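Residue numbers (our numbering), protein chains in the order written: chain A, 1 to 88; chain B, 89 to 276. For each residue, glycine too, the CB sits at the ideal point set by N, CA and C. All of these numbers come straight from a predicted model, not from anything done at the bench. One structure below.
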Amino acid sequence: MWTCKQVAKSLEKQRLSKFPLVRRIGTKLHIKLCVVCGKYHNDMVMMQECVDCLLENEETAGTGARNEKLSTTAKEELKEAIRQTQGS
Amino acid sequence: MPAKKPTDPEDWVDMYGEYLFKYACLRLRNPDAAKDVVQETLLAGIKGLDRFDGRVDVKYWLRGILRNKVVDYIRKAVRETPIENIEDFEPSSPFLMKHSGIPTRAGGDWEFDPRRAYSNKEFMEIFHACLSKLRGPQQQAFALRELEGMKTEEICKLLEIEPNNLWVMLHRARAQLKECLELNWKQS
Numbered sequence: 001m002w003t004c005k006q007v008a009k010s011l012e013k014q015r016l017s018k019f020p021l022v023r024r025i026g027t028k029l030h031i032k033l034c035v036v037c038g039k040y041h042n043d044m045v046m047m048q049e050c051v052d053c054l055l056e057n058e059e060t061a062g063t064g065a066r067n068e069k070l071s072t073t074a075k076e077e078l079k080e081a082i083r084q085t086q087g088s
Numbered sequence: 089m090p091a092k093k094p095t096d097p098e099d100w101v102d103m104y105g106e107y108l109f110k111y112a113c114l115r116l117r118n119p120d121a122a123k124d125v126v127q128e129t130l131l132a133g134i135k136g137l138d139r140f141d142g143r144v145d146v147k148y149w150l151r152g153i154l155r156n157k158v159v160d161y162i163r164k165a166v167r168e169t170p171i172e173n174i175e176d177f178e179p180s181s182p183f184l185m186k187h188s189g190i191p192t193r194a195g196g197d198w199e200f201d202p203r204r205a206y207s208n209k210e211f212m213e214i215f216h217a218c219l220s221k222l223r224g225p226q227q228q229a230f231a232l233r234e235l236e237g238m239k240t241e242e243i244c245k246l247l248e249i250e251p252n253n254l255w256v257m258l259h260r261a262r263a264q265l266k267e268c269l270e271l272n273w274k275q276s
């Protein structure tokens with residue numbers, strides 16, 4: 001049975017979704033049974049799952065904050081920098 | 089698998105610019121800094137094009153360069169503005185930390201079930217907005233750990249902090265995000 005400290009250190013070092021199967025099951029069981037760890041680590045795991053979803057969307061839908069777009073001016077500046085580098 | 093051919097650098101801005109910019113914005117939360125690191129990435133890509141071996145698509149090859157540029161940017165930002173009052177990032181319950189590995193007492197239950205909201209596009213936009221509200225060392229720590237998957241030792245070396253400080257920063261960042269999500273998701 002995993003101790004609180006083992007679970008805490010494991011989750012701080014690596015995401016739950018990346019644990020080997022046996023360790024993942026043991027950790028989830030600990031979080032379910034231990035009141036002290038349960039709430040704290042539940043928050044951590046929820047946030048990690050949220051970020052996982054965000055990173056998946058980064059590849060496909062490309063969602064982001066609405067103002068996070070390269071302006072036409074910024075694109076032209078980047079293209080000019082590339083042209084200058086290639087020209088030199 | 090045949091090696092992928094590199095695309096013409098002149099087309100990189102149109103083909104990959106938005107993707108790289110969004111990647112940098114998510115991690116740096118600063119559009120001006122994001123544009124700068126994207127520019128450095130594209131120029132580094134041109135200089136290193138003779139070393140491109142075609143094992144991955146140019147997009148992901150450039151993303152790999154960008155990741156290093158983002159980390160370099162954070163390293164430089166920390167050197168220019170070192171963390172003040174590091175004692176603010178000590179565990180508030182040393183006894184709890186010693187015996188359970190938890191820096192502070194946990195907050196209340198979630199006011200909604202985030203697992204039901206993950207697939208909702210509006211929820212993701214709110215999450216992005218909440219991420220934007222993280223500031224300073226907490227934002228850097230969260231980006232390096234949760235978005236880049238860096239290890240504790242690497243992050244502590246980069247931010248020049250101890251592991252306990254990192255865990256407090258991450259805990260506070262998560263608590264702040266949770267509060268922001270609960271407030272804004274309920275309102276929407």
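Using a Cβ-Cβ cut-off of 9 Å, state whether residue i counts as contacting chain A.
{"i": "TRP149 of chain B", "result": "no"}
{"i": "ILE134 of chain B", "result": "yes"}
{"i": "ASP138 of chain B", "result": "no"}
{"i": "PRO225 of chain B", "result": "no"}
{"i": "ARG260 of chain B", "result": "no"}
{"i": "GLU242 of chain B", "result": "no"}
Considering residue i, what are the terminal residues of the alpha helix (DSSP H) in which it resides?
{"i": "ASP99 of chain B", "result": "Looking at the DSSP string, ASP99 of chain B is not in any alpha helix (DSSP H), and its letter there is neither H nor E."}
{"i": "CYS218 of chain B", "result": "209-221"}
{"i": "ASN156 of chain B", "result": "146-168"}
{"i": "GLU76 of chain A", "result": "72-87"}
{"i": "ALA8 of chain A", "result": "4-13"}
{"i": "PRO119 of chain B", "result": "119-135"}
{"i": "GLY142 of chain B", "result": "From DSSP, GLY142 of chain B is part of no alpha helix (DSSP H); its letter is neither H nor E."}
{"i": "LYS69 of chain A", "result": "No alpha helix (DSSP H) contains LYS69 of chain A, which DSSP labels as neither H nor E."}
{"i": "ARG23 of chain A", "result": "21-33"}
Determine, using beta carbons only, whether residue i and residue j come nearer to each other than 9 Å.
{"i": "LEU247 of chain B", "j": "PHE211 of chain B", "result": "no"}
{"i": "TYR111 of chain B", "j": "ARG139 of chain B", "result": "no"}
{"i": "LEU258 of chain B", "j": "GLU58 of chain A", "result": "no"}
{"i": "ARG117 of chain B", "j": "GLN226 of chain B", "result": "no"}
{"i": "SER207 of chain B", "j": "CYS53 of chain A", "result": "yes"}
{"i": "GLY105 of chain B", "j": "LEU70 of chain A", "result": "yes"}
{"i": "VAL146 of chain B", "j": "TRP100 of chain B", "result": "yes"}
{"i": "ILE214 of chain B", "j": "ASN272 of chain B", "result": "yes"}
{"i": "VAL159 of chain B", "j": "LEU232 of chain B", "result": "yes"}
{"i": "ILE134 of chain B", "j": "PRO170 of chain B", "result": "no"}
{"i": "MET44 of chain A", "j": "LEU11 of chain A", "result": "yes"}
{"i": "ALA205 of chain B", "j": "ALA229 of chain B", "result": "no"}
{"i": "ALA8 of chain A", "j": "CYS37 of chain A", "result": "yes"}
{"i": "MET46 of chain A", "j": "GLU234 of chain B", "result": "no"}
Would residue i count as contacting chain B if we go by Cβ distances under 9 Å?
{"i": "LEU16 of chain A", "result": "no"}
{"i": "THR27 of chain A", "result": "no"}
{"i": "ARG83 of chain A", "result": "yes"}
{"i": "LYS32 of chain A", "result": "no"}
Contact list for the segment 141-169 of chain B against chain A, Cβ threshold 8 Å: Legend: CB atoms of the segment 141-169 of chain B lying less than 8 Å from CB atoms of chain A are not found in any residue.
Note down, in chain order, all residues in the segment 203-216 of chain B with a beta-carbon under 9 Å from any beta-carbon belonging to chain A. ARG203, ALA205, TYR206, SER207, LYS209, PHE211, MET212, GLU213, PHE215 and HIS216
In chain order, what are the residue ranges of uninterrupted alpha helix (DSSP H) at least 4 long that sit wholly in the segment 228-273 of chain B? Taking 4 residues as the shortest admissible run, the segment 228-273 of chain B contains the following complete alpha helix (DSSP H) segments, listed from N- to C-terminal end: 240-247.
Output, in sequence order along the chain, the residues in the segment 244-256 of chain B whose CB is closer than 7 Å to any CB in chain A. TRP255
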